[in-house]
Each structure stands twice: as structure tokens, then as C-alpha cells.
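In what follows, a structure is listed as C-alpha cells, so that the remarks can point back to it.
Residue numbers (the working numbering): 4 to 378.
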């Protein structure tokens, strides 16, 4: 089937009523034994957010705001893929596919889609398989390489023979694989993360950017990667609690927005509570805690991707990224870097946190790709 069907976000009333009931009946744990986040997200904050979620958060208005975009579904390889397809009015607009990661969603892009279309891009923003309104795979094999192939089919189905790709988090891995597998159609790839980058033995003395990245990588490995190990090894097990408890789902996601945003110790310093809950709702309302976690199981240790990416590439470095990209580490894989920007503010969720700089850097990257192609 090649049909592309219009889609409207419309969460059933019974899902919202069930959510309210579950929030009211939450069985809370005792409080943490420290006065910071070092044992995990504090009880008082989770209770406060969940009280707001149950009593003051207006999903219907948030749903309507997301529905201002043009949403669609199409079946590829037996799975429904949900995506936003927002076309630019510019006659020479460039197709651009944006890919989110975990624990993100298409909500991350709600502040950049319109500016990007105004800047001359036809924006395609799919929900990863098992995330949000996309279908949930019923068989294994949906790792980052497979998703890159499906994204290529999606762009072809939309009539785009040439396009650019951008991604963060798992979206960076998918985008890198697009850069390997879709070279006849993808003109360039832009990313904000390169988790596999590390110094090589012959790199010599390390620079300040490398030392900082290694420090961030060490912290992540020792204090911040437990969720990843769990989801990469036993996603089904963690899914039972997350699918059953909205407070548990909220805490699981909110902690990462505290850890990975440039938020000066509190996620609501950079994102509104409603924005944070919008993203959580796309996991809760679709019961996708388990299916979304499986991307770790599918991709870690099972990915066969590798090798150089020769098409034009670009990076934006944000200081509070999990591990900020280092140019020297990237150049071994990305052999044609045409755009490199380093920002003084921002973290892991670039489009969500710093929409203006994100749009500026994507525009600059597209211009650099065009210049490189004309040479």
C-alpha cells in the first residue's frame, strides 16, 4: 500500500478519564534521602507535576495546537508511519526530514516547523516506529538501519527525489544511516549528537573540547546511563510499570529533561510545564513506553552500520549535550563536513530548547550543502 491518509490527533475521552483516575490513585514512594536530584527525580516535584497534570493541564487545547500541522499516516513494510508534512510556500523549497529520539517526540519540533517552512523547507517530521502515533512493530528488526531505509521510502512516496536530513538523539543515528544508505537521494545530513565519537590512538594531545567531551562521557557512563542499559537489555520488563503508572512514566521522562537540557538545575527553566507534559502525553496516551524502549534493544549490539559518510555533513554543538560532538572525532566517519557550529547555550533537545539557533543552523547547513554541491 502506498496510500497516504490524513490523520488528526484525537485522544479518546476514556483515555483521558483513565489517566485522571490513575493520577488520583497514585501510590507514592517515600521521599529521597538527599536534598538534590542525585537519587533521582524528587518526590515533591513529581507530585506537583502530576497534580497539575490531573487538575490543570488542558490536553484538548494542546491537542488542537499540535493539529495546526498537517498530519498523515502511511503504511511502509506493514507498519503505519505517522508524520507531519508541512509544505513551504517557497517555489524552490528544500525537502527536509527531521527525526526525534527518546524520550522525545514530534512535540520537540513544534517551535521550528513553521520557521523552517518560512525559511524555504518542506518539513517532514515522522514519529519513530513504536513512538507516538506510529505503529508498534510486531516483529524484531526495526533498528536504526531499517528506520533509515523506511525514511527513504517515505520521502520517495512524498515525491522527494532529493532531500536533506536532520536528527538528534536516536534521530542522529537514523540520520547518519540515511547518509550511508540513501546517497543517491540525500544531499546532506545534519546532527547534534555523535555518541560513537572518541579519540583515536594517533590523535596526540587532546584539546579542551575533547577533554570536556570525555568528562561528559564519563559522567554519563557512571551516573546517567542506567535507563539505557535497562531499555537495551530488558525493555519489556521496565514497560510494565511505565505502561501502568502515569506518574512513573512522567518521572522516567522528566528526569532526562532535567539531566540533558541546559536548564540551570530545573527543566522548567527552559521548557514550560505544558510542553513537558505534551511530550509525556505522546507516550502515555499511545501506551508506547515499551515499544519505544525497544529501539535500544534493536540497535545496541545489533546494529551493523558503520563506515564513512561522504555526503556533505553538518553538526551543531550544544554545551549541555550528553556528549558534545568533537570535530576531530567526527572527521574519521564524516569525511565531508561543510558546516560546524558551536553554541554557548542549549542541550540535548536542540529544537525544543533553542528553536531560533536550531533554525539558523539548519539554514546555514543547507546553504553550505548547496555551495559544496555547486563546486
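Glycine included, every Cβ here is placed at the ideal spot set by N, Cα and C.
The structure displayed is predicted, hence computed values, not measured ones.
Separation of residue j from residue i, as counted between CA atoms
{"i": "residue 27", "j": "residue 263", "result": "29 Å"}
{"i": "residue 163", "j": "residue 69", "result": "24 Å"}
{"i": "residue 48", "j": "residue 195", "result": "29 Å"}
{"i": "residue 244", "j": "residue 46", "result": "17 Å"}
{"i": "residue 247", "j": "residue 128", "result": "28 Å"}
{"i": "residue 107", "j": "residue 123", "result": "25 Å"}
{"i": "residue 104", "j": "residue 37", "result": "31 Å"}
{"i": "residue 275", "j": "residue 52", "result": "11 Å"}
{"i": "residue 137", "j": "residue 73", "result": "15 Å"}
{"i": "residue 121", "j": "residue 17", "result": "38 Å"}
{"i": "residue 160", "j": "residue 347", "result": "39 Å"}
{"i": "residue 203", "j": "residue 310", "result": "15 Å"}
{"i": "residue 224", "j": "residue 57", "result": "35 Å"}
{"i": "residue 110", "j": "residue 277", "result": "11 Å"}
{"i": "residue 156", "j": "residue 165", "result": "12 Å"}
{"i": "residue 89", "j": "residue 125", "result": "6 Å"}
{"i": "residue 206", "j": "residue 12", "result": "50 Å"}
{"i": "residue 191", "j": "residue 10", "result": "29 Å"}
{"i": "residue 291", "j": "residue 359", "result": "30 Å"}
{"i": "residue 208", "j": "residue 331", "result": "12 Å"}
{"i": "residue 154", "j": "residue 131", "result": "10 Å"}
Simplified DSSP assignment, three categories, for residue i
{"i": "residue 185", "result": "coil"}
{"i": "residue 344", "result": "strand"}
{"i": "residue 3", "result": "For the chain, the structure presents residues 4 to 378; residue 3 sits outside this window and is missing."}
{"i": "residue 78", "result": "strand"}
{"i": "residue 317", "result": "strand"}
{"i": "residue 198", "result": "coil"}
{"i": "residue 169", "result": "strand"}
{"i": "residue 323", "result": "strand"}
{"i": "residue 174", "result": "helix"}
{"i": "residue 18", "result": "helix"}
{"i": "residue 87", "result": "strand"}
{"i": "residue 72", "result": "coil"}
{"i": "residue 8", "result": "strand"}
{"i": "residue 29", "result": "coil"}
Where residue i falls, given that 16 or more other Cβ within 10 Å makes a residue buried
{"i": "residue 377", "result": "exposed"}
{"i": "residue 329", "result": "buried"}
{"i": "residue 211", "result": "exposed"}
{"i": "residue 265", "result": "buried"}
{"i": "residue 287", "result": "buried"}
{"i": "residue 31", "result": "exposed"}
{"i": "residue 365", "result": "buried"}
{"i": "residue 39", "result": "exposed"}
{"i": "residue 232", "result": "exposed"}
{"i": "residue 133", "result": "buried"}
{"i": "residue 226", "result": "exposed"}
{"i": "residue 269", "result": "exposed"}
{"i": "residue 323", "result": "buried"}
{"i": "residue 213", "result": "buried"}
{"i": "residue 91", "result": "buried"}
{"i": "residue 95", "result": "exposed"}
{"i": "residue 141", "result": "exposed"}
Close Cβ partners of residue i (< 6 Å) along its chain, the five nearest in sequence each way excluded
{"i": "residue 340", "result": "316"}
{"i": "residue 230", "result": "none"}
{"i": "residue 150", "result": "177"}
{"i": "residue 29", "result": "250"}
{"i": "residue 65", "result": "281"}
{"i": "residue 368", "result": "193, 317 and 342"}
{"i": "residue 101", "result": "112, 128 and 169"}
{"i": "residue 303", "result": "235"}
{"i": "residue 357", "result": "349"}
{"i": "residue 197", "result": "328 and 333"}
{"i": "residue 301", "result": "145 and 146"}
{"i": "residue 22", "result": "249"}
{"i": "residue 2", "result": "What the structure shows of the chain is the stretch from 4 to 378, and residue 2 is not part of that stretch, so it cannot be assessed."}
{"i": "residue 174", "result": "102, 103 and 104"}
Proximity test, residue i beta-carbon vs the ligand NAP heavy atom, cut-off 7 Å
{"i": "residue 366", "result": "The model depicted lacks the ligand NAP and carries no ligand whatsoever."}
Candidates the options, of which the one nearest residue i by Cα
{"i": "residue 5", "options": "81, 73 and 36", "result": "81"}
{"i": "residue 319", "options": "311, 284, 298 and 363", "result": "363"}
{"i": "residue 117", "options": "271, 87, 175 and 214", "result": "87"}
{"i": "residue 337", "options": "182, 167, 115 and 139", "result": "182"}
{"i": "residue 228", "options": "25, 252 and 259", "result": "259"}
{"i": "residue 20", "options": "40, 9 and 63", "result": "63"}
{"i": "residue 143", "options": "366, 299, 220 and 214", "result": "299"}
{"i": "residue 375", "options": "233, 297 and 314", "result": "314"}
{"i": "residue 158", "options": "271, 9 and 98", "result": "98"}
{"i": "residue 185", "options": "78, 312 and 354", "result": "312"}
{"i": "residue 152", "options": "135, 171, 119 and 188", "result": "188"}
{"i": "residue 371", "options": "283, 351, 75 and 344", "result": "344"}
{"i": "residue 172", "options": "353, 373 and 361", "result": "353"}
Same chain, Cβ closer than 7 Å to residue i, five either side skipped, listed in chain order
{"i": "residue 35", "result": "42, 43, 45 and 46"}
{"i": "residue 239", "result": "293"}
{"i": "residue 216", "result": "326, 327 and 329"}
{"i": "residue 55", "result": "276"}
Neighbourhood of residue i by C-beta, 8 Å cutoff - its chain only, sequence neighbours within 5 removed
{"i": "residue 271", "result": "279"}
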